[in-house]
Each structure stands twice: as structure tokens, then as C-alpha cells.
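Under the numbering used here, the sequence shown has 198 at position 119, and the numbering climbs by one with no breaks.
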Amino acid sequence: MSKQRGMPEHIFYELSLTCDVFEGGGASGTKFRLTLGLPVGAVINCADNSGAKSLFIIEPYGFGARLNRLPDAGVGDMVVASVKKGKPELRKKTMPAVVVRQRKAWRRRDGVFLYFEDNAGVIVNPKGEMKGSAITGPVAKECADLWPRIASNAGTVV
């Protein structure tokens with residue numbers, strides 16, 4: 080790479096490395112960039128047996144925002160959520176959740192485009208351990224690679 084005026088060559092190299100991969104907060108490993116399909120205010124299904132039926136996304140964790148842009152979440156992202164339908168003891172509280180499925184298609188590194196039938200998430204604690212003990216339906220491979228506790232409770236990993 081050639082030098083531009085005022086910037087050393089190693090700066091360009093570091094910038095090109097950070098475009099493809101970004102860190103997943105509180106998870107194991109790194110997370111590849113994928114199309115984010117769940118903005119703030121989205122209501123998703125709860126895919127575990129914790130007693131919640133639907134979750135309302137309040138905010139994704141670790142989102143650096145642009146002015147007037149709604150933060151989005153995608154598969155494998157931890158979000159702050161509240162329970163909209165479910166057991167009364169779970170409702171009206173904020174809790175962390177991880178998105179395990181999304182309807183918006185995203186491209187994997189091997190060129191395959193993938194999307195699910197519904198948007199779904201599971202309730203977790205801040206360390207990433209699930210509140211429930213089982214997950215209904217498939218879980219995306221991106222989420223299973225990032226969250227080992229979710230992968231161990233998943234029936235199917237796609």
C-alpha cells in the first residue's frame with residue numbers, strides 16, 4: 080500500500096482489518112458482520128421455556144450510534160428487552176436477551192443467503208447463561224458459535 084500524506088502505512092492496514100470482524104460483547108470469540116434486521120421497538124418471539132411469549136427490543140448492547148439512526152440488532156446480538164406477553168412475574172422488567180433467529184436475510188462467508196421464518200430470541204443473564212432450559216426451533220450457527228450456553232440447549236443449529 081502506498082502512503083498518503085500525513086498518515087503512516089500501518090494505519091491503513093489496521094483500518095482494513097477492522098472492517099470485516101467486530102467483537103461480540105460478553106460472548107466467546109468474534110462476530111462477523113451480518114445484515115441487522117431488528118430495530119429498536121421490534122417485538123420478537125421468545126424461543127425458550129422461561130414463560131415469556133414475546134419480547135420487546137429496547138436497545139442492543141454495545142451499539143455506537145449515528146445521530147438520528149435507530150440501533151439495530153441481528154442474530155447473535157445481546158439486547159435489552161422486556162416481556163410483552165408471558166408470565167406476570169417476567170413482565171414489566173428489563174432483562175438481557177440474545178437474538179437466535181431473524182427474518183431478514185444475511186449472507187454467510189461461503190456465499191449462502193439465509194433467513195428464518197420468524198424473529199426469535201432467548202432470555203439470558205448478563206453472563207450469557209439462559210433463564211430457560213430448552214429452545215424451540217432452530218438456532219443460527221452464528222449465534223451458537225458466539226454463545227456456548229445457547230448452543231448446548233439448542234435442538235437444531237442451522
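Here a beta-carbon is modelled for each residue, glycine too, at the ideal position from N, C-alpha and C.
| Check | Outcome |
| --- | --- |
| Need the endpoints of the alpha helix (DSSP H) that residue 223 sits in, please. | 220-225 |
| Going by alpha carbons, who is nearest to residue 217 out of 144, 135, 154 and 134? | 154 |
| Rounded to a whole number of angstroms, what is the C-alpha to C-alpha distance between residue 229 and residue 212? | 9 angstroms |
| Is residue 180 helix, strand or coil when you go by DSSP? | strand |
| Against chain C, does residue 142 count as a neighbour if the rule is that its beta carbon must be under 8 angstroms from one of theirs? | Looking for chain C here will not work: only one protein chain is present. |
| Give the single residue among 205, 210, 204 and 220 whose Cα lies nearest to the Cα of residue 192. | 220 |
| Tell me the DSSP bridge mates of residue 200? | 125 and 178 |
| Whole angstroms are fine: how far does the CA of residue 158 sit from the CA of residue 137? | 7 angstroms |
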